[in-house]
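**Q**
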C-alpha cells in the first residue's frame, strides 16, 4: 500500500464522517462503498504485515508496514472519537437522536491481529 492509497483512505474516512450528518442518501451510499474498499485495503496491509513477519522479509519492510498499519488505525480511531464528540454537541445531538444515531461509533469488526 503506497502513500497514495493511505491518502485515499484518510480522505474517504474523513469525508464519510463529515457527510454522515449533512449528506444525501446517494452520497452516503457511495461513501459507504468507498469506505468498504478502504477497509479492504487496510485488511490487505494487515495480511502483508503478517506475511512479512512470517517470511524472510527485511526488518525495514516490516517496520514500514507496521508504521502504516499503526497510522491508519490511529487515524480511524481519532476520526471515530471526533465524530462521537461532534455527535454529542447541541444541536447535533438532537438531530442524531431523532435519526436513530444513539450509539457511539466504535471499532467493531476491526480487531487487532497482532501476535506476540
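Numbering (our numbering), first residue to last: 972 to 1087.
Glycine included, C-beta positions come from ideal geometry on N, C-alpha and C.
When burial is assigned at 16 or more other CB atoms within 10 Å of the CB, is residue 1018 buried or exposed?
**A** On the chain shown, residue 1018 is found 47 positions in, with the first residue counted as 1. The residue is exposed, with fewer than 16 neighbouring Cβ atoms inside 10 Å.
**Q** Give the secondary structure of residue 1062 by DSSP, where H, G and I count as helix, E and B as strand, and everything else as coil.
**A** Looking up residue 1062 in the chain shown gives position 91. Three-state result, residue 1062: coil.
**Q** With a threshold of 16 other CB atoms inside 10 Å of the CB of residue 973, please say whether the residue is buried or exposed.
**A** Taking the chain shown and counting its residues from 1, the one referred to as residue 973 is at position 2. Classification for residue 973: exposed.
**Q** Tell me the DSSP secondary structure of residue 1074 in three-state form.
**A** Within the chain shown, residue 1074 is the residue found at index 103, counting from 1. Residue 1074: coil per DSSP, three-state reduction.
**Q** Does residue 973 come out as helix, strand or coil in the three-state DSSP assignment?
**A** Working through the chain shown from its first residue, we reach residue 973 at position 2. Three-state DSSP puts residue 973 in coil, outside helix and strand.
**Q** Rounded to whole angstroms, what is the Cα-Cα separation between residue 1068 and residue 987?
**A** Residue 1068 sits at position 97 when you count from the first residue of the chain shown. Residue 987 sits at position 16 when you count from the first residue of the chain shown. About 19 angstroms.
**Q** Could you give the distance in angstroms between the alpha-carbon of residue 1051 and the alpha-carbon of residue 1030?
**A** Working through the chain shown from its first residue, we reach residue 1051 at position 80. Working through the chain shown from its first residue, we reach residue 1030 at position 59. So the two alpha carbons sit approximately 32 angstroms from each other.
**Q** Of all the options 1049, 1048 and 1039, which has the alpha carbon lying nearest to the alpha carbon of residue 978?
**A** On the chain shown, residue 978 is found 7 positions in, with the first residue counted as 1. Checking every option, the nearest Cα to that of residue 978 belongs to 1039.
**Q** Going by the CB atoms, is the gap between residue 1023 and residue 1013 shorter than 7 angstroms?
**A** Mapped onto the chain shown, residue 1013 falls at position 42. Mapped onto the chain shown, residue 1023 falls at position 52. No, the pair does not count as a contact, with Cβ atoms beyond the cut-off.
**Q** Pop quiz: residue 984 and residue 1016 are said to be a contact at Cβ under 8 angstroms. What is the actual Cβ separation, rounded to whole angstroms?
**A** Numbered from its first residue, the chain shown carries residue 984 at position 13. Numbered from its first residue, the chain shown carries residue 1016 at position 45. That pair is no contact at about 14 angstroms.
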